[in-house]
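Numbering (the working numbering), first residue to last: -6 to 177.
Idealized CB from N, CA, C, for every residue including glycine.
Report on one structure; see the data block that follows.
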Amino acid sequence: MITVLEYKQLKAFARLDGAILGGIMCATFFAFIASLKGATWQLAYMLGMLSVPVFVAMRVRNYRDNILQKRVSFRRAAGYSMHCFGYSSLILAIVMYVYFQFFDQGTMLANMRSFFESPEMQQAMKLYGVEKSLLDAQLGVMSSLRPIDFAFSMISNTLFGGLGCSLLIAVISKRNPRVLKNND
């Protein structure tokens, strides 16, 4: 059973790691925005998406090895990981709200429309059987969303995705800490 002091410690370290993770997620979001205009940013976006669960797994391992210095339970590892995702989702939602409210002015949707109208995407859409009318309807729905809708959507997406990642990370992290050997 975790004590109140241990829970406060868990939240404090998760808050710090969640802030760093929030920065990574914000950079990934801006790489996505840039990737709609230039294809060279798609690699940065994909690497950012892949780095999120890897970063959280590394921070859970650090928490286990350097803070607890003992075997971490599944619940504590999952809780630490979910706290990281929770705090980072708040940071990402605030950044997205500010971006869409004050800076975007419809640029993202215009870039998405031109991205999907490119000859390469038209050919890919035909190959996968995606109808242009369906895509236009989805972009029309997106254009009716308010900035706060994007922010709330990102919070829920991050929390649900974080739940799945947290369960996997907890299974992987639930072992004895690595002990550094001193050669004195």
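Q | Separation of A12 from N55, as counted between CA atoms | A | 16 angstroms
Q. Would the segment 72 to 89 and the segment 123 to 136 be scored as touching if the rule is three or more Cβ pairs under 8 angstroms?
A. no
Q | Same chain, Cβ closer than 7 angstroms to W34, five either side skipped, listed in chain order | A | A24, A27, S28
Q) Is D177 helix, strand or coil by DSSP? A) No answer about D177 holds up, because its pLDDT of 47 lies below 50 and its placement is not dependable.
Q.
What does the alpha-carbon distance come out to for the pair G72 and L160?
A. 9 angstroms
Q: Can you have a look at D142 and say buried or exposed, based on whether 16 or more other CB atoms are within 10 angstroms of its CB?
A: exposed
Q: Return yes when the Cβ of C158 is within less than 8 angstroms of the Cβ of V88, no when it is not.
A: no
Q) Helix or strand or just coil, what does DSSP make of R68? A) helix
Q. Counting Cβ pairs closer than 8 angstroms, one from the segment 47 to 62 and one from the segment -1 to 18, do we hit at least three?
A. yes
Q: Output the distance between the C-alpha atoms of A5 and R106, rounded to the nearest integer angstrom.
A: 43 angstroms
Q) Among K1, A32, F22, which has the Cα closest to the Cα of T151? A) F22
Q. Does DSSP classify S137 as helix, strand or coil?
A. coil
Q: State the start and end residues of the unbroken alpha helix (DSSP H) segment that holds L3.
A: -3 to 28
Q. Alpha carbon to alpha carbon, how far is G133 from A103?
A. 11 angstroms
Q. Run through DSSP, which three-state label would V123 get?
A. coil
Q: Identify whether S111 lies in helix, strand or coil by the three-state DSSP scheme.
A: coil
**Q.** Test item: CB-CB of A86 and I17 under 8 angstroms
**A.** no
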